[in-house]
Amino acid sequence: MIRRYDYGNPYPSFAAVLDLPALKEAPPFLETETEGGEISFTLSLHNVDALYGLGEAVGPIDRRGRRYQSWNSDEFNHAEDRQSLYGSHNFLIVFRASEPFALFLDDPGRVRWDLGFEDRGRMRITSENGDFSLYVITPEEGTPRKGICADLCRQFRVLTGRSYIPPRWALGYIQSRWGYAGEEDLTAVARAHRERHIPLDGICLDIDYMDGFRDFTLNEKALPDLKGVAGRLLSDGVRVIPIIDAGVKKETGYSVYDEGHEEGYFCKKADGSDFEAAVWPGLSCFPDFFREDASRWFGDKYRVLMDMGVEGFWNDMNEPALFYSPEGLDKAFAEAEELRSGMMSHDSSFILTAAVDGIKNSMDDYRRFYHRIGERTVRHDKVHNLYGALMTHAAAEGMRRAEPDRRHLLFSRSSFAGSHRDGGIWMGDNFSWWSHLALHLRMLPSLNMMGFIYCGADVGGFGADVDEELLIRWIQLGAFTPLFRNHSALGTRLQEVYRFPKWKTMRDAIKVRYSLIPWLYSEMMHAILSDGLLFRPLGFDYPDDPLARAVEDQVMLGRQCMIAPVLAPHVPGRNVYLPEDMLLVRFRTPEDYDTEEIEAGWHYVRLDENEFPLFIRRGTFVILAKSGERTSDLSVEGAATLGWDAEDYVLPLYCDDGITFGAPDGHIVPIRMERDTEQN
Ligand code: MIG
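Below is the structure:
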């Protein structure tokens with residue numbers, strides 16, 4: 000059951016697809032307070048078993064004891080105490096023995112979440128705008144306890160819509176690097192993979208492919224013939240995936256700028272002039288995606304590249320990230336000058352550093368520009384958290400208009416609740432740190448709760464220099480995530496798997512992934528089409544097992560499996576908690592693996608560097624296809640079953656063409672255990 004309560008004057012919701020009538024009185028079990036325009040809700044946490052949700056955020060899967068802020072930020076330091084990342088995902092499950100519920104705060108402004116931080120016995124949620132809709136979701140009557148969390152997520156998706164469906168090739172391995180600029184890189188990377196038989200389905204182009212970082216242009220030197228090279232690579236099963244940034248370079252003569260400026264599509268300052276701030280191209284203007292005409296105009300631009308054979312994009316810098324505005328720069332220089340003239344006290348260097356550092360992503364700038372929302376003019380900071388979502392919506396709609404029957408790859412950095420309808424997300428600028436490998440795992444179920452089924456982090460880590468062992472273990476996790484992209488920052492150690500002596504170990508893990516794709520795709524589609532989750536915390540499935548609920552480094556995958564990747568260096572294996580009997584599959588290659596039935600409880604599982612585990616629940620199985628080097632090589636035919644000898648289990652394998660929409664040919668193939676196949 001979903002109830003809606005409105006406070007103040009809510010901004011139009013792009014998150015909800017259901018238009019529920021708003022109730023007048025406040026929800027009885029939340030203590031509501033109003034102070035200086037802010038509205039807070041307080042709830043006792045004494046009998047709460049777990050708090051799940053908030054999507055893209057650092058910290059544990061069970062978020063009790065932490066504090067967060069919903070404020071979309073371009074923040075490359077995903078430190079342990081970071082309160083905001085790139086998306087705002089105001090959905091929280093309050094899981095307790097009696098009357099569990101979930102809430103969704105449809106509020107595009109800043110929201111503060113104190114989830115037992117000040118006082119472990121209390122949670123407090125504060126909307127700074129005080130204008131929002133609050134949705135309270137309670138379980139459908141009769142839902143068994145082990146289905147409650149999933150049911151609350153399902154209802155949230157009924158409210159916010161069905162998840163984006165990527166093309167099947169998007170489950171292939173994608174190689175990316177900030178610095179790939181054009182034909183030479185594309186050809187070399189593709190060849191290096193093919194020569195070594197490392198599977199590959201896509202290569203991302205980062206900002207250098209553009210002409211001076213101008214959206215929808217090409218760097219003539221590096222990429223004189225995108226159409227030609229995209230066609231050649233496609234014939235070898237490799238797609239080119241360019242980046243698009245939110246800011247449009249301010250430059251007369253650059254047609255995108257000229258059109259946007261003349262039509263009035265850019266965000267405006269109070270005096271009616273275009274808001275300008277610097278990002279990669281230098282001073283730039285920012286499309287007002289709240290305006291339907293501006294959104295349509297920008298979305299149609301993607302066609303420029305689609306016409307050259309591009310079938311997928313990634314959207315970046317759409318928080319929006321701002322390096323500085325001219326006003327902000329002036330202010331910082333003025334402060335610096337003031338410091339210079341005399342007052343070099345002990346703390347002036349700190350003041351100077353703060354003044355300079357404060358020019359980026361500054362609140363002053365976010366208060367400096369406005370959006371047209373229907374008849375209303377709204378200052379940006381009030382609706383800040385919607386900007387990236389609306390950019391990605393513009394892109395998704397543009398692609399739909401261009402090719403209505405085809406699925407496209409689209410993933411964004413910034414997002415809001417509801418963005419899951421338009422594309423996937425990646426987890427932004429992580430580091431090549433073991434702790435971020437663990438963070439990648441923990442964020443998967445949280446993102447799934449928001450409906451972001453197609454998601455993943457930069458495999459190997461974006462910032463810092465990866466070492467070989469970390470990359471191997473990261474590939475072994477990425478092998479299970481729908482978005483499986485190796486990406487790294489300019490200036491860091493080159494991170495393509497073939498650059499490392501043990502590249503074969505990584506290739507073999509990628510090959511295992513390809514063998515699993517028919518099953519993984521089916522489970523992903525099942526999660527999408529049933530408003531379910533591909534990744535779940537153990538507590539979702541085993542809510543009455545306190546040991547399972549406490550596990551933060553293993554997650555359930557699909558209906559049959561659990562994963563427990565190695566997350567530390569130099570270890571010969573790891574501890575794994577099995578909430579029920581499972582079959583351990585220890586993969587080395589798609590052909591070389593061993594299996595072992597393990598009883599419920601704690602176990603130390605030995606895993607050499609070239610081995611990684613998949614746990615299959617008692618009485619079920621998955622299928623393992625013959626591996627390939629491109630997703631188009633894979634076939635369900637002749638695939639082997641892998642799992643328990645389960646005569647009465649039927650695996651409902653979802654199959655379709657993987658590329659058209661509405662899945663007119665989507666169908667379930669019932670797979671039964673092969674009786675006479677040789678098991679390894
Ligand atoms: O300010 O385009 O998160 O993936 O490689 C950095 C360059 C801008 C941030 C993205 C990252 C991308 C990088 N971008």
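Residue numbers for the sequence shown follow numbering that gives the first Met the number 0, beginning at 0 and rising by one. Beta carbons: idealized from backbone N, C-alpha and C, even for Gly.
- It is roughly 31 Å from the alpha-carbon of Ile197 to the alpha-carbon of Asp210.
- Boundaries of the beta strand (DSSP E) harbouring Trp112: 110-114, taken from the DSSP string.
- Between the C-alpha atoms of Thr640 and Gly657 there is a straight-line separation of about 22 Å.
- Residue range 254-262 is occupied by the alpha helix (DSSP H) that includes Ser254.
- Using a Cβ distance threshold of 9 Å, Leu469 and Leu436 count as a contacting pair.
- Annotation: the segment 95-181 contains the following complete segments of the beta strand (DSSP E) (minimum length 3 residues), in chain order: 100-105, 110-114, 121-126, 131-136, 172-174.
- The beta carbon of Thr594 sits closer than 6 Å to those of Leu582, Val584, all from its chain and outside the five residues before and after it, given in chain order.
- Going by DSSP, Asn447 is part of the alpha helix (DSSP H) stretching over 433-448.
- The beta carbon of Leu282 sits closer than 6 Å to those of Lys249, Glu275, all from its chain and outside the five residues before and after it, given in chain order.
- By the neighbour-count definition (other C-beta atoms within 10 Å, threshold 16), Pro99 is a buried residue.
- Runs of the alpha helix (DSSP H) lying entirely within the segment 484-532 and spanning at least 4 residues, in chain order: 502-528.
- Close CB contacts of Gly572 within its chain, under the 7 Å cut and outside five residues either way in sequence, are with Tyr603, Val604, Arg605, Leu606 (chain order).
- The secondary-structure analysis by DSSP pairs His88 with nothing; it has no beta-bridge partner.
- Judged by beta-carbon spacing, Glu262 lies within the 9 Å limit of Ala293, meaning their Cβ atoms are closer than that value.
- For the pair of segments examined, the segment 419-436 was found to touch the segment 451-459: the number of CB pairs separated by less than 8 Å reaches three.
- For Ser347, the secondary structure class from DSSP, reduced to helix, strand or coil, is helix.
- At a Cβ-Cβ threshold of 9 Å, Gly54 and Phe90 count as neighbours.
- Judged by their CB atoms, Phe285 and Leu409 are not nearer to each other than the 9 Å cut-off.
- Straight-line spacing of the CA atoms in Leu537 and Phe499 works out to 35 Å.
- A direct Cα-Cα distance of roughly 19 Å separates Tyr134 from Ser162.
- Taking C-beta atoms as the reference points, Leu476 and Pro564 count as a pair closer than 9 Å.
- In this structure, Gly557 keeps its C-beta atom at 9 Å or more from the C-beta atom of Glu579.
- Counting along the chain, Thr391 sits inside the alpha helix (DSSP H) bounded by residues 386-401.
- Contact between Gly108 and Leu44 is ruled out by a C-beta separation of about 25 Å, above the 8 Å threshold.
- Residue pairing by DSSP places Thr659 opposite Arg405 in a beta bridge.
- Taking Asn574 as reference, the option from Arg587, Cys560, Gln553 with the minimal CA-CA separation is Gln553.
- The C-beta of Leu489 has fewer than 16 other C-beta atoms within 10 Å across all chains shown, which makes the residue exposed.
- Where Val303 is concerned, there is no enclosing beta strand (DSSP E), although the alpha helix (DSSP H) around it starts and stops at 291-305.
- Annotation: Leu151 to Arg290 spans about 33 Å, alpha carbon to alpha carbon.
- Phe461 has its Cβ nearer than 8 Å to a heavy atom of the ligand MIG.
- Between the segment 164-180 and the segment 394-409 there are three or more C-beta pairs closer than 8 Å, enough to call the two in contact.
- In this structure, DSSP gives His45 a state outside helix and strand, which the three-state scheme calls coil.
- Collapsing the DSSP output to three states places Asp214 in coil.
- Between the alpha carbons of Val255 and Val247 lies a gap of roughly 7 Å.
- Between the C-alpha atoms of Glu646 and Ile670 there is a straight-line separation of about 11 Å.
- A straight line joining the alpha-carbon of Leu225 with that of Asp315 spans about 21 Å.
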